[in-house]
Amino acid sequence: SLSERPPTTPAVPTVAATVIEEAKRLAAWTAVDRHVLPEHKIIGIGSGSTVPYVVERIVAQGSEVNKDRIFIPTGFQSKELIISSKLHLGDVDQYPTIDVTIDGADEVDSDLNCIKGGGACHLREKVLAEAADTWIVVADYRKNSQVLGRNWTHGIPVEVAPFAYAKVLLNLQLLGSPKATLRMGKAKAGPIVTDNGNFVIDAPFPEEQMKDPYTLLARVKMLTGVVEVGLFCHMAKAAYFGNQDGSLTIR
Ligand code: 5RP
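Taking the UniProt record's numbering, I'd label the letters of the sequence shown as residues 24 to 274.
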């Protein structure tokens, strides 16, 4: 059994982990094949563990097409990914109009509304989603949902100005999220800090409110001190989900 292996033996990936990675790859590769076209010159690159497969497929399109393209990152991770893949890096202040942005998601509902911000990148992710003519979501089957909050139970990520976090927490509780909490770093020594120098609150709301994500988004975004909300409503043109059995779901 695995537990009898000597500690120096590298861990064998579980079947589930391999299946999930293959599901992410299938979603990402198919989305690139369909939406990142030779005429696209300004391309947004999202964050998370599915996005490296997006970049992998874009690199495979070849240096001839990629030499004339600029890639815009949604955060530190995707910036490093663009640089290490030897693609040309730009920023959204230089290129406020993007041909296509491809990004991951924490959960996607039946109307293609998404929860994002599991990696605390949702402010930049939303700017790049809005800036794009086409915004495409790629994910594995675990993100495919009917109602937001059923699969991603941590709550809606809310980026807040650090000095205002306690007030925003109180207001989120009054809005219907009594378990809203400040997201802490791994060692719990302090709050995580976003690429923009802000804090993140995770706010779980009851299903009744999650069924109308646009109204909830408007209410949370109105709270003074909130910088951005990890609810992306009416933004995605399509979502690609790799499934456990090797098939693909496109919505
Ligand atoms: C980061 C995000 C990510 O896109 C989201 O967490 C999905 O990540 P993964 O592809 O690892 O599941 O919103 O803020």
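Cβ coordinates follow ideal geometry from the N, Cα and C atoms, glycine included.
In whole angstroms, give me the CA-to-CA distance for M245 and D225.
17 Å
Let me check you understand the geometry: is the CB of H177 closer than 7 Å to at least one non-hydrogen atom of the ligand 5RP?
no
Following a CB-centred definition, is T217 positioned closer than 7 Å to any heavy atom of the ligand 5RP?
False, no ligand heavy atom lies under 7 Å from that Cβ.
Round the Cβ separation of R126 and V170 to the nearest angstrom and send it over; I've been treating them as touching at under 8 Å.
One point to set straight first is that residue 126 is Asp, not Arg, in the sequence displayed. Going by Cβ atoms, the distance from D126 to V170 rounds to 21 Å, so no, they are not a contact pair.
Tell me which same chain residues have a C-beta within less than 8 Å of the C-beta of L110, skipping the five on either side of it?
V78, I81, V82, N89, R92 and F94
Taking three-plus beta-carbon pairs below 8 Å as touching, is the stretch 152-169 in contact with the stretch 42-52?
yes
When you compare each of Y188, A262 and P119 to V216 by their alpha carbons, which one comes out closest?
For V216, the nearest C-alpha among the options comes from Y188.
Quick check on the burial criterion: 16 or more other C-beta atoms within 10 angstroms. Buried or exposed for Q100?
buried
Could you tell me the alpha carbon to alpha carbon distance between T32 and E130, rounded to whole angstroms?
With a pLDDT of only 48 at T32, under 50, the local geometry of the prediction cannot be trusted, and the value read off the model is given with reservation. Cα to Cα, T32 sits roughly 35 Å from E130.
Can you round the beta-carbon distance between P119 and H145 to whole angstroms, since I take them to be within the 8 Å contact cut?
Rounded, the Cβ-Cβ distance is 18 Å, inconsistent with contact.
Rounded to the nearest angstrom, what separates L205 and A128 at their Cα positions?
Cα to Cα, L205 sits roughly 21 Å from A128.
Could you tell me whether any non-hydrogen atom of the ligand 5RP is closer than 7 Å to the CB of K139?
Look at K139: its beta carbon is less than 7 Å from one of the heavy atoms in the ligand 5RP.
Rounding to the nearest angstrom, what Cα-Cα distance links V243 and E87 in this structure?
A direct Cα-Cα distance of roughly 45 Å separates V243 from E87.
One question on the structure: do A152 and F264 come within less than 8 Å of each other, judged by their Cβ atoms?
no
Cβ-heavy atom distance between E251 and the ligand 5RP below 7 Å?
no
Count the other CB atoms, across all protein chains shown, that sit within 10 Å of the CB of L155; report buried if there are 16 or more and exposed otherwise.
According to the sequence as given, residue 155 is Ala; it is not Leu. When all chains shown are included, A155 counts as buried.
Which of the three DSSP states is assigned to A189 in this structure?
helix
So, does the CB of A261 fall closer than 8 Å to a CB anywhere in chain C?
Here there is only one protein chain, and chain C is not present.
Could you tell me which residues DSSP pairs with G265 in its beta bridges?
D163 and L271
Only counting runs of 4 or more residues, tell me where the alpha helix (DSSP H) segments fall wholly within the stretch 37-80, in order along the chain.
38-58
Any idea which residues DSSP pairs A152 with across the strands?
According to DSSP, A152 bridges with nothing at all.
Would you kindly report the start and end of the unbroken alpha helix (DSSP H) that includes F228?
It is not in any alpha helix (DSSP H) - F228 carries neither H nor E in the DSSP assignment.
Quick one: what does DSSP say M245 is sitting in, helix, strand or coil?
coil
By a C-beta neighbour count over all protein chains shown, 10 Å radius and 16 as the cutoff for buried, is G220 buried or exposed?
Exposed, by the Cβ-count rule.
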